[in-house]
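Chains as they are written, first to last, in the working numbering: chain A, 197 to 508; chain B, 2 to 637; chain C, 74 to 431; chain D, 12 to 287. Before any comments, here is the structure.
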Amino acid sequence: MIELLRAVLVAPFADMAGNPTFLVEVLLGGIAAGLMYSLVALGFVLIFKASGVFNFAQGVMVLFAALTLVGLMDMGVPVPIALALTVVVMIALAFAIERAVLRPLVNQEPIILFMATIGLNFFLEGFGEMAWGANVKKLDIGIPDTSFIVRGVQMNRLELTAALTAAVMVAVLAVFFQRTRIGRALRAVADDHEAALSIGIPLKTIWIVVWSVAGLVAIVAGIMWGSKSGVQFSLSLLALKALPVLILGGFTSVPGAIVGGLIIGVGEKLGEVYWGPLVGGAIENWFAYVLALTFLLFRPQGLFGEKIIERV
Amino acid sequence: MEPSPETLPQFLLAQAERWGDRRAAIREKEFGIWQAYTWRQYADHVQRFALGLASLGFHRGDKIAVIGDNRPQLYWTMVAAQALGGAPVPVYQDSIAAEMHYVIDHSESRMVVCEDQEQVDKILEMKDKLPAVETVVYDDPKGMRHYDYPFLVGLDRVQELGAEFAARNPGYWDAEVAKGKASDLAIINYTSGTTGFPKGVMISHGALISTARNFLEAEPLDEHDEIMAYLPMAWIGDSFFSLAVIFLSGCTINCPEDASTVRHDFREIGPTMTFAPPRIWENILSQAQVRIEDANWLQRRLTKFFLPLGMRKAKLELEGKPVSAGLRASCRLGRGLVFGPLRDQLGFRRIRAAITGGAALGPEMMQFFRAIGVNLKQLYGATECCAPATLHRDGQVKLETVGPPIPGVEIKLSERGEVLIRTEGLFSGYYKNPEQSAVALKDGWFHTGDAGLFDPDGQLVIIDRVKDVSTLHDGTVFAPQYIENKLKFSVYIKEAVAVGNERPYVAAMVNIDMDVLGNWAERRGIGYSGYTDLAQNPATYDLIHEEVRRTNDTLASSQRVKRFAILHKELDPDDAEITRTRKLRRGFINERYAPIIAALYDPKASRVAVKATVTYEDGRTSETERQVRIMDVEGA
Amino acid sequence: MIYRETGQFKTTYAADQAIFPIVQDRFVVLLAAAAAFVVPPLVAGEYWLQAILIPFLVYALAALGLNILTGYAGQISLGTGGFMAVGAYSAFKLSTAFPWLNIVAVFLLSGVIAALVGIVFGIPSLRIKGFYLAVATLASQFFLIWLFNKVPWFVNYASSGTITAPGRRVLGVMVTGPNATAAARYVVALAFVAVFALVAKNLVRGRVGRAWMAIRDRDIAAEIIGVRPLRTKLLAFAISSFYCGIAGAELVFLFLGSAETQAFDINQSFLVLFMVIIGGLGSVLGSFLGAAFIIVVPIFLTNLPHMVGLDVSVALLKQIELMVFGGLILFFLVVEPHGLARLWQIGKEKLRLWPFPH
Amino acid sequence: MPGTLAAQSIPDTGPAGGLGRDPLLRVEAITVRFGALQALSAVSVDVHRGEIVAIIGPNGAGKTTLLNVISGFYHPQQGRIVYEGKDRTHLKPFDVAALGIARTFQNVALFKGMTVLDNIMTGRLLKMRGHFLLDALYWGPAKRQELEHRAAAERVIDFLEIQAIRKTPAGRLPYGLQKRVELARALAAEPQLLLLDEPMAGMNVEEKEDMSRFILDVHDEFGTTIVLIEHDMSVVMDISDRVVALDYGRKIADGSPDAVRKDQVVIDAYLGVAHD
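Printed below as a string of structure tokens:
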């Protein structure tokens, strides 16, 4: 029994100390993966924060954006125009979703809206596949996927650009939510649809704005994921990956999504590399959940979420 | 073996002997399910309560007042009193204090049985003005935990006393019951007289039993039949069926859980025979019509298509005319799609005979119920002849008549056209009121006070109250009640008063039916603040004008209503304008609404100011000032 | 229209609280049950039994389980696939380790094992609610699938990593394994689902069901009248996983014949969740309607093009199926959040009230 | 030989019979803080067996918080709750319920998805013994128990005269009736102590009269001790034996209804005199 404990608690840390450069590399890999998760999680937070809807279909929107982009580029459309067109497509999608799903379900309980987004998720998956074909496509929009060595640690240009864009996105969104008039309206809508409606906030436009912004975030995430591991349907399972991130970061905080993403990304990589072999590897897909769960038991509302008070 | 039963308690014991625990005598919906008492249990409860009464000093000839809803417990207190040679005096539980006090005081009841705290409180309030009352028995103890009056005792307590009494005097019960004779006084029903104070109709066991026997000959019932007890216990209609008819036929009577659940309980039981005054049939029809109006397109289209067909077929049958094959076929289809389900929804699926009596019933009512397959037929009678005197026989139901006399009843007409009745089931006079008795009972014939005639088939037709048959100033005779009933056929008119005695033409004052009008107004987006506001609304006047004009078409020109007004308030028993069973008190109305009547006969007046005194349930009154419009009827 | 309820009065509480108080309903249900046992085995062809009826019964049982947890107790769960896997693998291990054990006992035992696992993963439900709970059940889904993939003991060290159902007899008839006839497997599946539907109905209308529904509707008010939240929720998790465990065992032993963990992945959880949503949350009948709907629609879609004469590539069909499912979820949530069961109830109500609307 | 009229003996619990003995419920110097907000500060109240105590005070005075502390929702930072002589401060709500304390909520907390009858039957859960397997079969003792408790629920339905709405889903009822059903659910648990949080809020005059009559009937019939929060002073005067007034989380008066009504401090609290 003792050596099992030793193997779990002591050995991995010893290995880490033994080979720091490898550790840094793993950490960087973790950060990169974490950033990918946070980009997706950001889309979730945005929609939840502004409309109280837990949008399960955010993952498939990322895929949809990537598919549209790649599809257009395959047709020979130059990258900048393809990008612009994709933005238009995503905004159109936002309009459609608001009209078909959100307006009829105003003020339904969150669980009903959650299930609606599951339905949306499956619908978009089928539609995306039908429109752009189902085979895996390589996405390259000029960001070299090469890496370089800095003081012995391998850095990857693509992951760096991803980190940069993520940071910029967070800053822009933080300002957008706190300072701008629309931002305040968004937060009001998230709190209570009817109350917001009653003081004249145009719910319809708000939702379209929110889903369009989420669409843009989806495009960025799509590009990053697409260029890193190709555009294919496992992308749509991203939503499942983003859940633990949201749990950690709290559903309603933008910084929480980023920090949560990083913790999960790094945690997963470390777990995979150092503890994985102990139990046969591939613990990647459930480790994130367990991590989030243990965290949840101590702080049910996540890192930055508001404290849930049960008023009687 | 002991002699054949003559009194109600003796019949009860006979049935208990015959059925024992095999069949239910009476059921009551309580705590959500139907609790049954078998014939033997019924007899046991009666015995224990009777002996309890005996131990409290109740003896032969005493009266006991009974107040409350239809409950098994209250029925067996009535039979228990009869077993000791006494007589129950049932009282309307929603009558105002003055009326209740008169009945209990006049009948010199020594004991009062109350259903619950509500009735006990009424008695306690007037206790000092009721010297004769020595004991008050209550059934439902709720709320009276801290009442410590010496004369107040629970019904179960009385039955405990009865058990102890029985132990002490074993032979007492059988001896007392055996003493009962047919001529003994069985019950005193106070009629809701239209003039002055109610009269106490004394009815003997013999009268009740012979009338029941006569009725069962015309309308056979047996132990498989189910009937509902939802009519006020003080009305002869209830005493006759809930005591006499079930003791003779052995059928089962069912008591609903609460006044608010009567319709639901009626449908649960699905009785095979039922008796009710016209206002209950009117309620059922107007409720059904409101629900039909709210139905979706398909249901409304189907019902609106088949109902008129069914009613036309019923009308033809009622008038004895032949029915075309096409109409008969479409009605058969209608039965499956509309009439069958309608009958089931209203709880009449198992009904064999639905009897209406106590006042005239509109032809539309008769056609509607017969169209959906309910065998609705008329009964005419009075408290003084234990309720039934005439009854439509199956297959010979006609619109205008109230049917031939039932076996054992003779009917003849006086020269003034007054209906006279002679039968073994006549009452034995009014309690402590020989003068009125003499007026009503002359050489064996009961003078009903109703004017009537016989049609060719020997069926009686009731025109109106003899004293209300009025004549215009030019001498033409007209029957106000006849016109009023025709006006009340319209769903929108709840009550109508036809006037014209010694006047140039007939005029009418009308009450609108708030439920139906409210629904009608809502669908047209007409706003209204209350009864008076809706009544005086011009759109309402136009609607009622149309109804009156339609009624006028069916009347002889001399009888047509020339001008009408819609009253600003509903005629209400609490204001003593109508009796408990909604018969008009004309003298009182003519005097109170004199200003309106004057305006009806002043061609220049199209509006009249009226002062209205409204009495609330607890007796307080208040004065209000109202404008009432008068309208001419075209083509009258 | 067809109902005649006059005269059906109740004289005892037992009669008043019967599952089918109206005599017409009792008659129809008994008739349907008898027909279900007799007609299909005799009449239905191999294709109908194997492709439609058996999967419908298996998934109906799983839907019943999830409906108890999500519909009645209000705890969202995306872990149905995982619990079904537990049932399947324990049944496999039990039947191979104890060949003499009757297959019915094997199913019940694997249900119990699944129930224990369900309780473990239900513990977080005390502190966390709503979406967070969905995450906890997702953790169980991924963890369990990973466990059965990674630990060869579960597949008796078979290199292929698949579990196959050994042949077993019940009352002398071969019901599992390669040479068990579809009819036999159908009858066993039907027996299980009939018994457990009755059990579910009894639980739901009694003391246990009321505690669940109290927690679902207002957990604060439930706590204040003495409902112990953790015990009630864990009981819901246990029973739900018991049902899903047996369904998982049936999936392998009575339907597929053999399977790997891929047969119990997250898509299974979503599939059963669809059945419960479309069928109707909080209704035993809804579970059956949902299962029937979700099983029949894909089959209908695959056959529709052939019937109509245009040939469509399999991939496109799969995509259309996805779109139709997604579209249907949205349709039902907008038109009738309480699903087919509520539509059924409204229809029945209309018949009972005909020709009146209320 | 008529028997004598034996007056029926009605057991007398009497309203304030238990003044001498120690109280059924003692709230000792309870203090509750939500972050900076001081909801209750050192509030002490005694409630004797068989008493009807009304708690009055302007909005936000801490009345509902006090009820929540008694029923175990909030745990006070300081102070004790002593029930039947034993310290019950840190119990969970369902343990408090097991002690025989039931309550209703300010804005009705009915189980919308269930019928009125099921709501009331849920009130009896504490009284039902758990034998799970038999429940599954709805047979034998489980079925008998279900029918017994159905009869008990029917007695409460009869007591509060809601026979006509027995099978209607609770969510569909008008406000006044929902309040009565919630009272029925609390009564079904046959509590010793009944906490009523504004039972008559939003009711018209007639409904208030009915509800007051029901509350008095409950007190007379079952001898239940009742603590109710009420704003309508005429109701408080009619039905309560003792009145406790709270303001800004502090107890400012505790005595007979007349005394408290004339108490200048209470009048100021209601009319809003500027605080120092």
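A virtual CB, placed ideally from N, CA and C, is assigned to each residue, including glycine.
TODO: Kindly indicate which three-state DSSP category A25 (chain B) falls into: helix, strand or coil?
DONE: strand
Open item on the list: Just to confirm the assignment: which complete beta strand (DSSP E) runs, minimum length 3, are found wholly within the region 229 to 278 of chain B?
Closed with: Listed in chain order, the complete beta strand (DSSP E) runs (minimum 3 residues) inside the region 229 to 278 of chain B are 253 to 256 and 274 to 277.
Task: N- and C-terminal bounds of the beta strand (DSSP E) containing W407 (chain A) - done: Premise fails: W407 (chain A) lies in the alpha helix (DSSP H), L399 to S425, not in any beta strand (DSSP E).
TODO: Output, in chain order, the set of chain D residues within a Cβ distance shorter than 9 Å of G33 (chain B).
DONE: L128, R161, A162, A164, E165, I168, D169, Q174 and R177
- [ ] Name, going along the chain, the residues of the region 261 to 274 of chain B whose beta-carbon falls closer than 7 Å to a beta-carbon of chain C.
- [x] R268, E269, I270 and G271
Open item on the list: Contact between the region 392 to 407 of chain C and the region 417 to 430 of chain C is defined here as three or more beta-carbon pairs at a separation below 8 Å; is this criterion met?
Closed with: No contact exists between the region 392 to 407 of chain C and the region 417 to 430 of chain C.
Open item on the list: So for I75 (chain C), helix, strand or coil by DSSP?
Closed with: coil
- [ ] At 8 Å on the CB atoms, spell out the chain D contacts of E258 (chain B), in chain order.
- [x] Q174
Open item on the list: Counting only C-beta atoms, is E232 (chain D) closer than 8 Å to chain B at any point?
Closed with: yes
Task: Any chain D beta carbon closer than 8 Å to Y86 (chain C) - done: yes
- [ ] Express the C-alpha separation of G191 (chain C) and M247 (chain C) in angstroms, rounding to a whole number.
- [x] 31 Å
- [ ] Identify the continuous beta strand (DSSP E) that holds H448 (chain B) and give its terminal residues.
- [x] It spans W446 to F455 - the beta strand (DSSP E) in which H448 (chain B) sits, taken as one unbroken run.
Open item on the list: Can you give me the C-alpha to C-alpha distance between Q397 (chain B) and I352 (chain B), rounded to a whole angstrom?
Closed with: If I take the Cα positions, the gap works out to 18 Å.
TODO: Label D98 (chain D) either buried or exposed according to how many other C-beta atoms from any shown protein chain fall within 10 Å of its C-beta, with 16 as the threshold for buried.
DONE: Here D98 (chain D) is exposed, its C-beta having fewer than 16 other C-beta atoms within 10 Å.
Task: Rounded separation between H107 (chain B) and V410 (chain B) - CA only - done: 31 Å
Open item on the list: Excluding the 5 residues flanking D89 (chain C) on each side, which residues of the same chain have their C-beta closer than 7 Å to its C-beta?
Closed with: Non-local beta-carbon contacts of D89 (chain C) in its own chain, meaning distances under 7 Å to residues more than five positions away in sequence, involve K83 in chain order.
- [ ] With a 10 Å radius around its C-beta and 16 neighbouring C-beta atoms as the bar for buried, classify D177 (chain A) as buried or exposed.
- [x] Since the first residue of chain A shown is 197 and the last is 508, residue 177 (chain A) is not available in this structure.
TODO: For L200 (chain A), collect the residues of the same chain with a Cβ closer than 6 Å to its Cβ; drop the 5 residues on either side in sequence, then sort them by chain order.
DONE: none
TODO: Would you tell me roughly how many angstroms separate the C-alpha atoms of R239 (chain C) and P172 (chain C), rounded to the nearest one?
DONE: The sequence shown places Pro at residue 239 (chain C), rather than the Arg named in the question. Distance between the alpha carbons of P239 (chain C) and P172 (chain C) is about 9 Å.
- [ ] Can you tell me which of C:N222, C:W121, C:L130 and C:A124 puts its alpha carbon nearest to the alpha carbon of A332 (chain C)?
- [x] C:N222
TODO: Count the other CB atoms, across all protein chains shown, that sit within 10 Å of the CB of W421 (chain A); report buried if there are 16 or more and exposed otherwise.
DONE: Taking every protein chain shown into account, the CB of W421 (chain A) has 16 or more other CB atoms within 10 angstroms, so this residue is buried.
Open item on the list: Quick test of your reading: G226 (chain A) and K437 (chain A), contact by CB under 8 Å. State the CB separation rounded to the nearest angstrom.
Closed with: G226 (chain A) to K437 (chain A), Cβ: 14 Å. No contact.
Open item on the list: Residues of chain B with CB closer than 7 Å to the CB of D146 (chain D), please, in chain order.
Closed with: Within 7 Å Cβ-Cβ: nothing; D146 (chain D) doesn't reach chain B, min ~21 Å.
Open item on the list: Please state the DSSP three-state secondary structure of I65 (chain B).
Closed with: strand
Open item on the list: I'd like to confirm the pairing. Which residues does DSSP put opposite D465 (chain B) in its beta bridges?
Closed with: B:A452
Task: Contact list for R77 (chain C) against chain B, beta-carbon separation under 7 Å - done: D345 and R350
Task: Buried/exposed call for N591 (chain B), threshold 16 Cβ in 10 Å - done: exposed
Open item on the list: Checking 8 Å against the spacing of the C-beta atoms, do V67 (chain B) and V104 (chain B) come in under that value?
Closed with: no
Open item on the list: Spatial neighbours of V385 (chain A) within its chain, please: C-beta separation below 7 Å, excluding the five flanking residues on both sides.
Closed with: A246, S247, A392, I397, L399 and I402
Task: Cβ contact (3+ pairs, closer than 8 Å) linking the region 225 to 240 of chain A and the region 180 to 196 of chain C - done: Too few Cβ pairs lie closer than 8 Å, so no.
TODO: Determine the DSSP secondary structure at K570 (chain B), reduced to helix, strand or coil.
DONE: coil
Task: Residues bridged to F344 (chain A) [DSSP beta-bridge criterion] - done: Per DSSP, the beta-bridge partners of F344 (chain A) are A:M351.
- [ ] Determine the closest residue to S184 (chain B) out of B:Y529, B:A176, B:L9 and B:G374, with distance taken between C-alpha atoms.
- [x] B:L9
Open item on the list: Can you give me the C-alpha to C-alpha distance between A610 (chain B) and S623 (chain B), rounded to a whole angstrom?
Closed with: 17 Å
Open item on the list: Rounded to whole angstroms, what is the Cα-Cα separation between A88 (chain B) and W77 (chain B)?
Closed with: 12 Å
- [ ] Could you tell me how far apart the beta carbons of V450 (chain A) and V371 (chain A) are, in whole angstroms, since I believe they sit closer than 8 Å?
- [x] 10 Å between Cβ atoms; not a contact.
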